[in-house]
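J.:
In the numbering used here, the protein residues as written are 1 to 155.
1) Hey, residue 18 and residue 49 are a contact pair by Cβ (cut 8 Å); roughly how many whole angstroms apart?
2) In terms of residues, what are the limits of the alpha helix (DSSP H) holding residue 42?
3) Quick one: what's got a C-beta closer than 6 Å to residue 94's C-beta in the same chain, skipping five residues either side?
4) In angstroms with no decimal places, state the Cα-to-Cα distance between residue 6 and residue 145.
5) By DSSP, does residue 4 sit in helix, in strand, or in coil?
6) Can you give me the C-alpha to C-alpha distance between residue 3 and residue 24, rounded to a whole angstrom?
7) Using a Cβ-Cβ cutoff of less than 6 Å, which residues in the same chain neighbour residue 38 once the five nearest sequence positions on both sides are dropped?
8) Note down the Cα distance separating residue 81 from residue 13, rounded to an integer number of angstroms.
9) Between residue 65 and residue 115, what straight-line distance do the alpha-carbon atoms span, to the nearest angstrom?
10) In the DSSP assignment, find the alpha helix (DSSP H) that holds residue 118 and state where it starts and stops.
11) Specify, as a first and last residue, the run of the alpha helix (DSSP H) that residue 93 falls within.
12) With respect to the alpha helix (DSSP H) encompassing residue 74, which residues constitute its N-terminal and C-terminal limits?
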């Protein structure tokens with residue numbers, strides 16, 4: 001069973017792995033100037049990292065809502081995905097602070113309000129919720145791909 005600490009560790013490590021792939025591809029493209037192969041590697045690694053980044057954000061919010069983190073802690077968790085390799089130290093810190101719990105609180109409790117009710121649906125029906133999350137993340141991912149690189153959004 002996927003309890004909060006196990007799930008959060010998995011996505012935190014996946015985020016670190018995809019950062020590594022993206023950075024390695026960028027080194028190949030920009031420092032080693034490996035040409036078209038490096039261009040393709042950056043596109044693939046960037047896409048994979050973007051998808052895992054969004055999945056990490058969804059997981060952070062889900063666990064934050066379920067475990068009743070304050071807004072500051074949720075923002076810290078989300079911010080840890082922006083800095084390369086910070087998701088694993090944040091996950092380990094959250095575990096030491098007992099922020100992850102051992103079980104999903106909303107499996108037993110009713111959600112209070114819309115956000116907790118959505119989180120309760122997700123933890124009580126993980127397969128349909130995961131499928132919905134993958135679809136939503138995919139849609140956001142495609143929209144972001146169409147928007148282009150973030151550094152070009154305001155240029």
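No residue lacks a Cβ here, since even glycine has one placed at the ideal position from N, Cα and C.
Please read all numbers here as calculations on a predicted model, not as lab measurements.
T.: With the structure as the only source:
1) 4 Å
2) 36 to 66
3) 100
4) 30 Å
5) helix
6) 32 Å
7) 28 and 29
8) 11 Å
9) 8 Å
10) 113 to 124
11) 87 to 96
12) 71 to 80
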